[in-house]
Structures are given as C-alpha cells and as structure tokens.
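Asker:
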Amino acid sequence: MPYTCSATQLPEVLVLEPKVVNIDRGFCFESFSARDFLEATGYHNPFVQDLHTRATHGVLVGIHYQIHHPHGKLVRVIAGRVFNVAVDLRKYSPSFGRSVGMAISSDKGQQLWIPPGFGHGFVVLSDAAEVLIKATDYAYAGHQRSVRWNDADLAIAWPAVGTPIIAAADAQAPCLRDAELFMENRLLSTQRWKSTRQFRGQVQVSNRLQPRNA
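Count along the sequence shown from 1, then add 179; that gives the number in this note's numbering.
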C-alpha cells in the first residue's frame, strides 16, 4: 500500500503520506489510487473534478465550502509550501467551529483529506506554490460559500506571511455566526464516503477555539 494514513485532532480530517521512491534521476511515487485510497481511509473514491491553482507568497484563500452539493477535497501541493486549514462547519457536530491546520510541501507528497461538511482555506508560505485539489462533486457557483478567514470565533492560528493577499469576496465573507452552515446531516449522510476506520497517528493542529453560539 503506497499510503500511510494519520488522523488529526479532527478525526475525520486525514493526512495521507505516500511511499516516495528516490532514484538517481529524482523521485517517483504513486499520487493516487482509488483502491489504495479506500484501503487507507475507508472512503470510497467519489472524485469527479480536479482544480489546479497557482499562487504567490502571501496569497490567502478561503475559508471555502459548498452548501449544496457539498464536496470533500483531497488537497496536494505539487510545487512550493502551503499552510492548509480545515474547519468543521456542521452546526450539529460536537467539533463545530473547530479547525486544524497543517503545512504541506511538494517534496514530501503529503495530501490532506477534507470531507464534506468542512471548509477549506490555505495561505502560500513559499515564493510561489501550486495546489491540486480533487473534489467529490462539481463546483456550482450558486452554492459556493465562504467564512471570514480571520473570524475571532474561529481563532485560526495562521502563520505570519506579512500582509496576506486576499480576494475581495473572501475579505468580505460573513463571520461564522452569520454564515449559512450545514444544519443537519441529511445531505451528508446519503453520500458514499463515511469511514469506519480508526487511526492512531497525529499531526500538529491549530485548534484553540470554542466558538460562541450563533
């Protein structure tokens, strides 16, 4: 199996690390296999769309999610170094409003699995970076939502990058208390990616908050 799989302090958010083979000409690894993804995580492979993004140092994106047609994301950095954040936006969840953050670089090939019901954001730490996201549903502009990246209720410990470069839509996104959230698990429970696996691994997290009730 080419993956090792570790859970974060948000157990549904997983870190996949491939087996990298170093050769004289460089390195080689299998970045994705539906069979091995299922074996490593317990999730069936539902990916239907890839999104390739390039951004320069200090660009901050998010926190993004899709309120209808909610999708999971498998995030990989293929060039540079990026700090990724996942936020639980399920109002009914015991971990609602909590976040986990992790720096991912292209040299290790790590991937972050962010299931449906979570928001995703990132900031570029290197001079430039390229991010590849595999999604479990198509992007629908009318259903895309954002939560303010620096909302005090989220208290995300973003790494210092100077003044972050943020799109106007993200800068004006609502705070958690005003955002449209996942209010029940009806939409998510019909999906195919519920995991029954247990994990022992752990990664460093950014998880300092207890948000106020809306």
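Where is the CB? At the ideal position from N, CA and C, for every residue including glycine.
Quick test of your reading: G300 and V240, contact by CB under 8 Å. State the CB separation rounded to the nearest angstrom.
Answerer: 6 Å between Cβ atoms; contact.
Asker: Once DSSP output is grouped into helix, strand and coil, what is the label at L175?
Answerer: Because the chain is modelled from 180 through 393, residue 175 falls outside the range shown and cannot be assessed.
Asker: Between L121 and A258, what straight-line distance do the alpha-carbon atoms span, to the nearest angstrom?
Answerer: Nothing can be reported for residue 121, as the shown portion of the chain is limited to 180 through 393.
Asker: Which class does E196 belong to by DSSP, given the choice of helix, strand or coil?
Answerer: Here E196 sits in strand by DSSP.
Asker: Would you say the region 203 to 222 touches the region 267 to 274, given that touching needs at least three Cβ pairs under 8 Å?
Answerer: No, because fewer than three Cβ pairs between the region 203 to 222 and the region 267 to 274 fall closer than 8 Å, the two stretches do not touch.
Asker: Can you look up V384 in the DSSP assignment and give me helix, strand or coil?
Answerer: Reliability fails at V384, whose pLDDT of 36 lies under 50, so the model's placement of it is uncertain and no value is given.
Asker: Return the residue from the list Q188, C354, K313, L355 that minimises the CA-CA distance to R255.
Answerer: With distances taken between Cα atoms, R255 lies closest to K313.
Asker: In the DSSP assignment, find the beta strand (DSSP E) that holds L291 and state where it starts and stops.
Answerer: L291 -> beta strand (DSSP E) spans 290 to 293.
Asker: Between S212 and S185, what straight-line distance do the alpha-carbon atoms span, to the nearest angstrom?
Answerer: Going from the Cα of S212 to the Cα of S185 covers about 17 Å.
Asker: By the 10 Å Cβ neighbour count, where 16 or more other Cβ atoms means buried, how is P338 classified, buried or exposed?
Answerer: P338 comes out exposed.
Asker: Does the distance from the C-beta atom of D229 to that of L311 stay below 8 Å?
Answerer: Contact flag set, yes.
Asker: For P295 versus P249, is the C-beta distance shorter than 8 Å?
Answerer: Result yes, Cβ atoms of P295 and P249 sit closer than 8 Å.
Asker: Tell me whether T187 sits in a helix, a strand or coil according to DSSP, three-state version.
Answerer: If DSSP states are grouped into helix, strand and coil, T187 belongs with coil.
Asker: Find out if the Cβ-Cβ distance for the pair Q290, L253 is shorter than 8 Å.
Answerer: Yes; because the gap between Cβ atoms is below 8 Å, this pair is in contact.
Asker: Residues in its own chain within less than 6 Å of Y319 by CB, not counting five upstream and five downstream?
Answerer: So the list reads H248, once near-sequence residues are dropped.
Asker: Just checking my contact of I242 with G280 at CB under 8 Å: how many whole Å lie between their CB atoms?
Answerer: With 8 Å as the limit, I242 and G280 do not qualify as a contact, their Cβ atoms being about 11 Å apart.
Asker: Does the region 321 to 333 touch the region 231 to 238, meaning 3 or more C-beta pairs lie closer than 8 Å?
Answerer: These segments do not touch.
Asker: For the alpha helix (DSSP H) that F275 lies in, which residues bound it at each end?
Answerer: Neither: F275 is in no alpha helix (DSSP H) and is coded neither H nor E.
Asker: Round the Cβ separation of R327 and P353 to the nearest angstrom and send it over; I've been treating them as touching at under 8 Å.
Answerer: R327 to P353, Cβ: 6 Å. Contact.
Asker: What residue from Q245, G251, V266, K198 has the CA that sits closest to D330's CA?
Answerer: Of Q245, G251, V266, K198, the residue nearest in Cα terms is V266.
Asker: According to DSSP, is H231 helix, strand or coil?
Answerer: Correct three-state label for H231: strand.
Asker: Going by C-alpha to C-alpha distance, which of V261, C207, M362, K198 sits closest to E309?
Answerer: Ranking the options by Cα distance to E309, first place goes to V261.
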